[in-house]
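Report on the structure given below.
Residue numbers (the working numbering): -9 to 663.
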């Protein structure tokens, strides 16, 4: 444990004072606290402080922020999917750099010495893995009940509804027509505690990237950048980005009949050209044995090497053990096993394939290549070209699987994307969500907006449709509905009012009633029976690939964002479009194994991106972004939940109730708050 804590800070260039170390080591889960503290140290609050030597006062301050109990230390085990491997017990099997050989070769070519810094060595290994199945980690973070948000009324009580009651959401300053039924008893279903992931803040401005041909439909106060559906008596401010069309939204809200679901009023016979291309719900299997892990990485290597081997530079690639002793050029497809910094600022990366291991130097003087190496992460598969100088291998080029440009397609319909609705939370924006569903039904907005709604054929929900139970400590204090089945019942009531000629596709997220490890099977019917009864709802796994009238759509909740945001310099949850682009280039949704994202070691790696999609839809981080990259529409759909107490700690500001729409191939974003 001591070594793990010191390594975690050393990797980020932070030295602990003895007093600071003692305080951290006294906590219930020092490793999880260390990860959270490192994130906080990168925020604006601590950015100007001396990070070379971390004293106990900063540690004490952060402990108070989280409200942690230091009175008792208990042993904690890290959750890594369905099983873990023990890095400490495998130290003797790790690669060790021969400093003398490296120094002598570097002296010959660069006239300087390179030494591996002891405090930057990471004990990450894949070849020696224990089969011990470890317990799920119980996080020590404490949460407080959130305060009411400005201009938003939160309901403190959940009230059951039946189909005969009038339940109508009213916009501001409109006539009060809502009838509220009596309170009903809530019966809490408490699942196992699952790991809470700390989101990494970033002080940069959140700006959603849009292509030149996108349309902004905006009526927004406070100089915000997206599109708002606004009630009466509000000031209209239209922002006009370059080359985009501005459509003013009007509050022409029509009263709908709340006594029945829309689908029960009209019989629909819609010709959906909808296909499920990839759904792992019934294909996912692992026993947690060491053989499964070996098969998992072999599957990953095989899939991505098949992609890489089609590149002209790698058609004649070599296996590591097949490289001849006198060879001067290396042309290999390899997995990243370990990354180390040297005293003089170079990188030594250890690679492996099915036959052996190889060490390669990335020299800092090759600035373009060195910058590319900053995006290397453990366990990803790349193509590598290097040259031998004595006994030293020096990298000359990195080849990613990459994203070939896909041809433009015609679209004659509209697809709507949302995620992280968090029904059941006190911070769920029910009023905004009802306005959203009424817009789909054509009962909200101007004539032009209702015409867009008429073209809506698909609604995709990328996880966290409900807030769940027991996701993090004291979550029950932030819940309006404390029973998981009742949360899904409420989701069925809200989605059930959407007209029946709209196909609704739902994937799970880390708050849903599915297993924690990815890939996640679809939400089981026993928890969401009321949603399964809706005739236009399809449940698929996370991730999943579906075809929407010929538009291949990759749906992924996005938990793999957490590892890349923590690992790659310049990446953050606010700039999640950069993360999505990098995942496409790496052709894997969660390449780092054994860190913050739980991954199931199955016989096949289902998180490899085998084929480039037309649409890549994600959620998880509660921040909208859009980018059109090599023909791919990359969309993160934000949230219908206001800022939580946990997000306040990390300065994460969500983009609430902003819904992306791909209308006849053109991206639009509407705001319902």
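All C-beta atoms, glycine included, are put in the ideal place defined by N, C-alpha and C.
Spatially closest choice to residue i from the options, by CA coordinates
i           : options            : result
residue 376 : 570, 370, 404, 359 : 359
residue 663 : 654, 646, 657, 655 : 646
residue 371 : 291, 365, 419      : 291
residue 341 : 333, 350, 334      : 350
residue 45  : 17, 24, 26, 5      : 5
residue 596 : 268, 472, 8, 261   : 268
residue 523 : 556, 478, 557      : 478
residue 623 : 656, 297, 471, 601 : 656
residue 336 : 293, 385, 463, 26  : 385
residue 406 : 452, 559, 436      : 452
residue 383 : 338, 580, 526, 486 : 338
residue 499 : 278, 610, 591, 658 : 610
residue 423 : 472, 469, 486, 402 : 486
residue 7   : 488, 440, 50       : 50
residue 537 : 300, 262, 31, 52   : 262
residue 558 : 650, 582, 599, 654 : 582
residue 634 : 467, 328, 381, 296 : 467
residue 554 : 535, 574, 540, 539 : 574
residue 535 : 463, 579, 310      : 579
residue 389 : 470, 527, 302      : 302
residue 307 : 316, 320, 282      : 320
residue 276 : 460, 434, 265, 511 : 511
residue 591 : 560, 281, 264, 556 : 281
residue 527 : 577, 625, 561, 489 : 489
residue 560 : 364, 309, 27, 260  : 364
residue 546 : 556, 516, 598, 525 : 598
C-alpha gap between residue i and residue j, whole angstroms
i           : j           : result
residue 549 : residue 481 : 22 angstroms
residue 519 : residue 411 : 18 angstroms
residue 586 : residue 530 : 24 angstroms
residue 457 : residue 352 : 45 angstroms
residue 137 : residue 416 : Unreliable placement is indicated for residue 137, whose pLDDT of 40 sits below 50; the coordinate value is still reported in the next sentence. Cα-Cα distance, rounded: 10 angstroms.
residue 465 : residue 47  : 29 angstroms
residue 379 : residue 356 : 16 angstroms
residue 366 : residue 373 : 12 angstroms
residue 709 : residue 621 : Because residue 709 is not part of the residues shown, which for the chain are -9 to 663, the question remains open.
residue 362 : residue 572 : 12 angstroms
residue 288 : residue 322 : 16 angstroms
residue 532 : residue 273 : 12 angstroms
residue 193 : residue 543 : Caution is warranted here: a pLDDT of 40 is assigned to residue 193, below 50, making its placement in the model unreliable, and the coordinate value is therefore given only provisionally. When rounded, the distance between both Cα atoms is 31 angstroms.
residue 284 : residue 344 : 10 angstroms
residue 348 : residue 324 : 9 angstroms
residue 304 : residue 298 : 7 angstroms
residue 414 : residue 495 : 20 angstroms
residue 492 : residue 437 : 19 angstroms
residue 294 : residue 346 : 18 angstroms
residue 387 : residue 278 : 37 angstroms
residue 613 : residue 563 : 8 angstroms
residue 483 : residue 661 : 22 angstroms
residue 15  : residue 55  : 17 angstroms
residue 18  : residue 53  : 12 angstroms
residue 11  : residue 21  : 11 angstroms
residue 404 : residue 593 : 37 angstroms
residue 444 : residue 327 : 51 angstroms
residue 509 : residue 286 : 12 angstroms
residue 24  : residue 9   : 14 angstroms
residue 461 : residue 332 : 40 angstroms
residue 30  : residue 455 : 28 angstroms
residue 402 : residue 653 : 8 angstroms
Sheet register partners of residue i (DSSP bridge)
i           : result
residue 21  : For residue 21, which the question treats as bridged, DSSP gives no partner whatsoever.
residue 276 : According to DSSP, which records beta bridges pairwise, residue 276 is partnered with nothing at all.
residue 534 : 269, 545
residue 661 : 648
To test your reading of the DSSP string, which unbroken alpha helix (DSSP H) runs of 4 or more residues are found completely within the stretch 537 to 589?
551 to 557, 566 to 576
Are at least three pairs of beta-carbons, each pair with one atom in the stretch 599 to 606 and one in the stretch 550 to 558, less than 8 angstroms apart?
no
Quick one: which unbroken beta strand (DSSP E) runs of 3-plus residues sit fully inside the stretch 629 to 656? Chain order, please.
The stretch 629 to 656 contains these whole beta strand (DSSP E) runs: 648 to 653.
With contact counted as at least three CB pairs below 8 angstroms, one residue from each stretch, are the stretch 433 to 452 and the stretch 502 to 511 in contact?
no
What are the complete alpha helix (DSSP H) segments, minimum 4 residues, inside the stretch 332 to 409?
357 to 363
Does the stretch 616 to 630 touch the stretch 554 to 568, meaning 3 or more C-beta pairs lie closer than 8 angstroms?
yes
How about the stretch 628 to 635 and the stretch 419 to 430: do they share at least three Cβ pairs that are nearer than 8 angstroms?
yes
Below 8 angstroms, can you find three or more Cβ-Cβ pairs linking the stretch 392 to 400 to the stretch 636 to 643?
no
In chain order, which continuous runs of the beta strand (DSSP E) of length 3 or greater are located wholly inside the stretch 408 to 494?
Qualifying beta strand (DSSP E) stretches, in chain order: 446 to 452.
I want to know whether the stretch 575 to 594 touches the stretch 424 to 431 - three or more CB-CB distances under 8 angstroms.
Contact between the stretch 575 to 594 and the stretch 424 to 431 is absent: fewer than three C-beta pairs spanning the two stretches fall below 8 angstroms.
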